[in-house]
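What follows is a short report on a single structure.
Protein chains: 2
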Amino acid sequence: MESAIQTVVGVFLKSAKGKENLGEKDFQNLVKSQLHNIMTDTDSKEAVKEMRKGLDENHDGKVSFEEYMTLVGYLANSLSQQRCVSEETPAEAETEEAT
Amino acid sequence: MESAIQTVVGVFLKSAKGKENLGEKDFQNLVKSQLHNIMTDTDSKEAVKEMRKGLDENHDGKVSFEEYMTLVGYLANSLSQQRCVSEETPAEAETEEAT
Numbered sequence: 001m002e003s004a005i006q007t008v009v010g011v012f013l014k015s016a017k018g019k020e021n022l023g024e025k026d027f028q029n030l031v032k033s034q035l036h037n038i039m040t041d042t043d044s045k046e047a048v049k050e051m052r053k054g055l056d057e058n059h060d061g062k063v064s065f066e067e068y069m070t071l072v073g074y075l076a077n078s079l080s081q082q083r084c085v086s087e088e089t090p091a092e093a094e095t096e097e098a099t
Numbered sequence: 001m002e003s004a005i006q007t008v009v010g011v012f013l014k015s016a017k018g019k020e021n022l023g024e025k026d027f028q029n030l031v032k033s034q035l036h037n038i039m040t041d042t043d044s045k046e047a048v049k050e051m052r053k054g055l056d057e058n059h060d061g062k063v064s065f066e067e068y069m070t071l072v073g074y075l076a077n078s079l080s081q082q083r084c085v086s087e088e089t090p091a092e093a094e095t096e097e098a099t
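Structural data, given as structure tokens:
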């Protein structure tokens, strides 16, 4: 678990390249390279831009570490719900995935 | 990164043993077994109890997934600050760790 948290932190620090926040391009690259398996439209500049705006609570056009962790929280939340559903109805979930 | 988020989610689900929230014992075991390298006092029941109370926003005596992710956010934040300091002053940081 500790190394998982280190990984989440490391991805931000690497993407921010020493800056305190992620700029537009940094955030786009992070989403495209790191999150394309668990998010949709990571190739769409427009979709990623909308997501960034949604996270950008202080409207400075950048993504701070706190705003980045909000995204991580959303993703974790959706993953936890997916896993709860797949654990409750393994048979049904498989047929859903197969179609 | 995706597997890191999966790990964070998996630790919660495993510790909650199918329940929606972590009870006192579940949370204690999680902190003790998973976070003893990056947190202090994980062996102290009292300290972990105080931490749980601090996270327990709705005061139901349990730790929900959202409250758990708040803890993950705190830990990520403190790790990111530690790494920024160690990257800025590698020499000094090493001597600090050695003492």
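Chains as they are written, first to last, in full-length UniProt numbering: chain A, 1 to 99; chain B, 1 to 99.
Ideal Cβ placement from N, Cα and C applies to all residues, glycine included.
Neighbourhood of Ser-15 (chain B) by C-beta distance below 7 Å, restricted to the same chain and skipping five residues each side: Leu-22, Asp-26, Asn-29 and Leu-30
Gly-10 (chain A) and Arg-52 (chain B) closer than 9 Å at C-beta: no
Exposure label - Gln-34 (chain A); buried when at least 16 CB within 10 Å: buried
Whole-angstrom distance between Leu-13 (chain B) and Glu-24 (chain B), CA atom to CA atom: 15 Å
Short CB-CB distance (under 9 Å) between Asn-77 (chain B) and chain A: yes
Alpha-carbon to alpha-carbon, Glu-20 (chain A) and Lys-62 (chain A): 10 Å
C-alpha gap between Glu-46 (chain A) and Ser-78 (chain A), whole angstroms: 22 Å
Interface partners of Gln-28 (chain B) on chain A, CB under 8 Å: Simply none; closest approach about 15 Å.
Within-9 Å CB hit, Thr-42 (chain A) to chain B: no
Leu-22 (chain B) (DSSP reduced to helix, strand or coil): strand
Length of the line joining the Cα atoms of Asp-41 (chain B) and Thr-40 (chain A): 41 Å
Cβ shell of Ala-93 (chain B) (< 7 Å), same chain only, five flanking positions each side left out: Because the pLDDT of Ala-93 (chain B) is 47, which lies under 50, any placement of that residue in the model is unreliable, and the number read from its coordinates should be weighed accordingly. Correct list, in chain order: Val-85 and Ser-86.
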